[in-house]
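One point on numbering: in the numbering used here, the residue at position 230 of the sequence shown is 231, and numbering is uninterrupted. All residues carry an ideal CB built from backbone N, CA and C; glycine is no exception. To start, the structure under review is shown below, and the notes come after it.
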Amino acid sequence: MSPDLSVILPRVLIVSRRSLRKNKFVDFVGEYHLDLLVGYGAVPVIVPRVSGVHMLLDSFEPIHGVLLCEGEDVDPSLYDAETSNLSLEELEEIRRIHASDTAIDREKDSIELRLAKLCLERNIPYLGICRGSQVLNVASGGTLYQDIEKEVSKKIHESQRVKHMDYDNYDGHRHVVKVVENTPLHDWFRDSLEEDKMEILVNSYHHQGVNKLAQRFVPMAFAPDGLIEGFYDPDACNPEEGKFIMGLQFHPERMRQDDIDKFDYPGCPRAYQEFVKAVIAYQKKLNSSTTSVPRPLKPDQAMEKKRKNIVRSFFLARNTYTTGQRMNPSKESELQAGAEFLESNTALSLQQENRLKQMGATVRNAGSYIERLRMNEEREDLAKNVMGKMSVEQLSDLLSFYHMMGQICSEVLDRKLNGIVHGIGS
2 MSPDLSVILP RVLIVSRRSL RKNKFVDFVG EYHLDLLVGY GAVPVIVPRV SGVHMLLDSF
62 EPIHGVLLCE GEDVDPSLYD AETSNLSLEE LEEIRRIHAS DTAIDREKDS IELRLAKLCL
122 ERNIPYLGIC RGSQVLNVAS GGTLYQDIEK EVSKKIHESQ RVKHMDYDNY DGHRHVVKVV
182 ENTPLHDWFR DSLEEDKMEI LVNSYHHQGV NKLAQRFVPM AFAPDGLIEG FYDPDACNPE
242 EGKFIMGLQF HPERMRQDDI DKFDYPGCPR AYQEFVKAVI AYQKKLNSST TSVPRPLKPD
302 QAMEKKRKNI VRSFFLARNT YTTGQRMNPS KESELQAGAE FLESNTALSL QQENRLKQMG
362 ATVRNAGSYI ERLRMNEERE DLAKNVMGKM SVEQLSDLLS FYHMMGQICS EVLDRKLNGI
422 VHGIGS
């Protein structure tokens, strides 16, 4: 029987985008993304944009990588949007011009922000394209421009202004970006760059972008208007070690010549190639950590002999007690091992005595104990009231935090218990 490739190959989660077709909602993911992932050796696992999925992400484990791409604008309430100083009239105009993008999808926001934060917590490889880069920045504490034309283009000289989207030329639109030296992007496009310019033409389709870049990230490319077109985490970018955290505002997967698979530049597919390389390495690292179960302790010969002597001693003592017969004097010496064992463990009875004293004190103070229980109930009711006022996103973050803390406690407890077992064995 052929092996199950879905088990062998690493899994990359991609969240679908909801669209309206024939008066019905349809979920989809751009095929260019899927082709590149499969071509480099990963299995795309599509997470449907369906209500409640953000609470079921544990069901998609194991997660070896996350690729987030197109979608509507990120909900401005999820970042510091008040600093935009846009008037109500300007916001209304933005909604009218970009009607297909400004329809906020809070469910998609919830799913993708939870996945982005999960990647940041666990160092799971993450590649964000377009909206995916914006989600990554917001998840890390950064902010966005709600509209580039209103907040950037109007404040700079006309010669620096950039057209970041063209509704009439979706795939064919290009604009210049300047690549930053000594970054992964520079390495991928090195052979296509002129030393005096360090520029390439990219495809983009967005009216929002990074405003304040999160502290952990470093820019990789800028548009002439100053907008960041690519960034990465230098401390989490080593594909060979399973590390990859990156956001690209432009679309390298769509930078192809008409009707053929030839890319504008050889470096275009490198983001996907390096991302999948990191995903494969992360899977291997994850598998090695989960399969390295400590071998059971095997007592040495002396320890095993001592154990058998103690068991034999207890057997003889029990037999003498139950039968009421006198023991053969030649075997009385065999009771010594059991007696010594009992004497060496008298500390257990002392511990029990202390525990009984503590229980007695608790009983004597039953009134105060009941009062504490009542106070705990009041605190629980208060907590429920507070949580009832929290948003779905806040509750999801809280649940994710306690889930992470539970995993950490479990791991630490396992290490301590293993230490105790090894200490007894030695």
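Can you have a look at residue i and say buried or exposed, based on whether 16 or more other CB atoms are within 10 angstroms of its CB?
i	result
Leu-249	buried
Cys-120	buried
Phe-402	exposed
Asp-74	buried
Pro-270	buried
Ser-160	exposed
Gln-408	exposed
His-34	buried
Arg-97	exposed
Val-294	In this prediction, Val-294 has a pLDDT of 44, which is less than 50 and means its spatial position is unreliable; nothing more can be read from the coordinates.
Gly-243	buried
His-158	exposed
Ser-334	exposed
Arg-308	exposed
Ser-88	exposed
Val-16	buried
Arg-255	buried
Gln-302	exposed
Asp-415	exposed
Ile-1	The chain is shown from 2 up to 427; residue 1 falls before or after that span and cannot be answered.
Leu-69	buried
Asp-10	Residue 10 is actually Leu in this sequence, not Asp. It counts as buried.
Gly-231	buried
Val-30	buried
Thinking just about the alpha-carbon of each residue, which of the options is nearest to the one in residue i?
i	options	result
Asp-167	Tyr-266, Asn-204 and His-158	Asn-204
Ala-104	Ser-88, Pro-77 and Ile-112	Pro-77
Pro-240	Ala-282, Pro-225 and Arg-217	Ala-282
Ser-392	Val-181, Ala-318, Arg-107 and Leu-336	Arg-107
Lys-143	Leu-400, Gln-274, Ala-384 and Phe-218	Reading off the sequence shown, one finds Gly at residue 143, where the question assumed Lys. The residue with the shortest Cα to Cα distance from Gly-143 is Phe-218.
Arg-12	His-34, Leu-414, Ile-149 and Leu-38	Leu-38
Leu-186	Tyr-233, Gly-227, Ser-154 and Gln-147	Tyr-233
Ala-43	Asp-262, Lys-278 and Gln-302	Lys-278
Trp-189	Leu-396, Gly-268 and Met-405	Gly-268
Tyr-171	Pro-225, Asp-259 and Leu-194	Asp-259
Glu-1	Lys-309, Leu-400, Ser-290 and Met-376	This structure gives no information on residue 1, because the portion of the chain shown stretches from 2 to 427.
Asp-265	Val-312, Arg-175, Phe-276 and Ile-64	Arg-175
Leu-57	Pro-235, Ser-111 and Lys-198	Ser-111
Pro-253	Glu-381, Gly-227 and Ala-272	Ala-272
Ser-314	Ala-303, Gln-284, Ala-338 and Lys-307	Ala-338
Phe-61	Leu-87, Lys-385, Leu-69 and Val-48	Val-48
Lys-118	Gln-395, Glu-341 and Lys-417	Gln-395
Lys-164	Leu-228, Asp-382, Asn-288 and Leu-383	Leu-228
Gly-66	Leu-202, Lys-286, Ile-311 and Val-312	Lys-286
Phe-245	Arg-123, Gly-173, Leu-400 and Ile-311	Arg-123
Glu-113	Leu-336, Lys-306 and Arg-18	Arg-18
Val-139	Leu-383, Met-199, Lys-213 and Glu-94	Lys-213
Thr-184	Pro-235, Lys-306 and Asp-192	Pro-235
Glu-1	Ser-134, Gln-147 and Asp-382	Residue 1 falls outside the range modelled here, since the chain spans only 2 to 427, and no answer is possible.
Would you call the CB atoms of residue i and residue j closer than 7 angstroms?
i	j	result
Arg-162	Glu-71	no
Leu-116	Gly-129	no
Leu-145	Tyr-206	no
Ser-141	Ala-215	yes
Lys-151	Glu-91	yes
Gln-274	Tyr-41	yes
Lys-179	Phe-251	no
Val-46	Leu-14	yes
Pro-220	Val-181	yes
Gly-210	Ile-149	yes
Val-153	Asp-226	yes
His-208	His-99	yes
How would you write the range of the alpha helix (DSSP H) that residue i sits in, first residue to last?
i	result
Gly-133	132-140
Ile-98	89-98
Lys-109	107-123
Lys-151	149-152
Which first and last residues belong to the beta strand (DSSP E) in which residue i is found?
i	result
Lys-69	Checking the sequence shown, residue 69 turns out to be Leu, not Lys. Taken as a continuous stretch (DSSP letters only), the beta strand (DSSP E) holding Leu-69 covers 66-69.
Arg-12	12-16
Val-39	That residue, Val-39, is in no beta strand (DSSP E); its alpha helix (DSSP H) goes 32-41.
Pro-185	Pro-185 -> not in any beta strand (DSSP E); alpha helix (DSSP H) instead, spanning 185-189.
Lys-263	Unbroken run through Lys-263: none, as it is neither H nor E.
Lys-390	Here Lys-390 belongs to no beta strand (DSSP E), and DSSP marks it neither H nor E.
His-176	176-180
Ile-47	44-48
At the 7 angstroms Cβ level, is residue i part of the contact set with chain D, yes or no?
i	result
Lys-309	Of the protein chains in the structure, only one exists, and it is not chain D.
(request) Within the stretch 198-254, note down every full beta strand (DSSP E) run reaching 3 residues or more, in order along the chain. (result) 200-203, 219-223, 229-239 and 244-249
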